[in-house]
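For the sequence shown, counting from 1, position 73 maps to 73 in the numbering used here; every step adds exactly one. Right, one structure below, let's go through it.
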Amino acid sequence: MIYIFDLDDTLYDERQYVESGFRAVARYGQQHWKLTSSASFNTMIDTLDKYGRGAVFNRWLAPYGLATRSNIKQCITTYRLHKPDITMPRKHLDLLRKLPQPLYLVTDGNKVVQANKISALNIEPYFKRVFITHRFGVRHAKPSTYCFERIRQAEKCEWKDMLYIGDNPAKDFINLNKLGMHTVRVLTGVHKDVTAEEHYEAKQKITDICQLENYLK
Numbered sequence: 001m002i003y004i005f006d007l008d009d010t011l012y013d014e015r016q017y018v019e020s021g022f023r024a025v026a027r028y029g030q031q032h033w034k035l036t037s038s039a040s041f042n043t044m045i046d047t048l049d050k051y052g053r054g055a056v057f058n059r060w061l062a063p064y065g066l067a068t069r070s071n072i073k074q075c076i077t078t079y080r081l082h083k084p085d086i087t088m089p090r091k092h093l094d095l096l097r098k099l100p101q102p103l104y105l106v107t108d109g110n111k112v113v114q115a116n117k118i119s120a121l122n123i124e125p126y127f128k129r130v131f132i133t134h135r136f137g138v139r140h141a142k143p144s145t146y147c148f149e150r151i152r153q154a155e156k157c158e159w160k161d162m163l164y165i166g167d168n169p170a171k172d173f174i175n176l177n178k179l180g181m182h183t184v185r186v187l188t189g190v191h192k193d194v195t196a197e198e199h200y201e202a203k204q205k206i207t208d209i210c211q212l213e214n215y216l217k
């Protein structure tokens, strides 16, 4: 079996990255606009929890008359380019060591952001190859099967010999299911309580990624 992993909210808790990015932006706000870093961070977290990600920086800067297009753009750039302070649970690293090689990683998102996450987690050595889908064009992001087809060709295997572990039922599994690939949804992160639409759910669900060890048995 060829094991292929998603990254965010599958191998590590993406909330860590979001908070790390907010801290970087809060530091920027203190340096450039004299806004207290700790208070700014708390405002961003409160805004995220109340309204979602949509306009966190706008809502933070608006009361100070600083929510200009250029300032928001700088906040987004600071967020995306910062070196993240994130970690992966030890048990997840142990799992990657136990699983049979080769392992692959397929992750969506901004090319620089995803590369910085992978570097910070220091996990690239665990994988035969890491696929950041946006490197091949946004059209090849999930649910596109483009990167998975490249893995299948490299391994000279059938779709039934591959297994993808992800967390987002809106895009991770729908097309892979149609091809006969094994799919597993780990119920963690922001999508853990989402009820998948018909045909979008993975073939199996687990509450802890370490339950994959059952496949070894």
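Just so it is clear, CB atoms sit at the ideal spot from N, CA and C, and this is done for glycine as well.
Residues bridged to residue i [DSSP beta-bridge criterion]
i    : result
Q204 : V184
R129 : Y104
M162 : I2
D172 : Per DSSP, none; premise fails for D172.
D8   : Y12
Residue nearest to residue i in terms of C-alpha spacing, selected from the options
i    : options                   : result
D49  : I76, V18 and Y104         : V18
F136 : K128, L121, K111 and Q31  : K111
D13  : G189, K205 and T207       : G189
P102 : D172, G21, K34 and I2     : I2
K178 : A202, P100 and E213       : A202
P143 : E158, A170 and P63        : A170
D8   : S38, R185, L176 and L212  : R185
C147 : G21, V138, T133 and E158  : T133
Y23  : T68, H82 and K73          : Before going further, note that residue 23 is Arg rather than Tyr in the sequence given. When each option's Cα is compared against that of R23, the closest is H82.
T145 : C157, D172 and D167       : D172
E213 : N168, P100, E198 and I151 : P100
I151 : Y51, R80, M181 and Q74    : M181
L61  : V113, S40 and E149        : S40
I154 : V56, Y104 and I174        : In the sequence under discussion, the amino acid at residue 154 is Ala, which differs from the Ile named in the question. Of V56, Y104 and I174, the residue nearest in Cα terms is Y104.
Q74  : D6, G109, G166 and R27    : R27
G21  : C210, N116, Q211 and L176 : N116
P63  : K91, W33, G109 and Y79    : W33
Residue i - containing alpha helix (DSSP H), residue span
i    : result
F5   : Segment I2 to F5 is the beta strand (DSSP E) holding F5; no alpha helix (DSSP H) there.
V25  : E14 to W33
M88  : Element bounds for M88: n/a, residue is neither H nor E.
A67  : First-last for A67: undefined, no H or E at that position.
I118 : K111 to L121
D49  : S37 to Y51
I151 : Y146 to E155
Backbone CA spacing between residue i and residue j [nearest angstrom]
i    : j    : result
M47  : T207 : It should be noted that the sequence gives Thr, not Met, for residue 47. Using only the alpha carbons, I get a separation of about 28 Å.
T107 : A141 : 8 Å
T10  : Q31  : 34 Å
N71  : N168 : 32 Å
F57  : C157 : 46 Å
I4   : F131 : 10 Å
- Query: Is there contact here, the segment 155 to 162 with the segment 185 to 204, by at least three beta-carbon pairs under 8 Å?
  - Reply: no
- Do three or more CB pairs link the segment 127 to 136 to the segment 94 to 106 at distances below 8 Å? yes
- the segment 80 to 91 / the segment 100 to 120 touching (three or more Cβ pairs under 8 Å): yes
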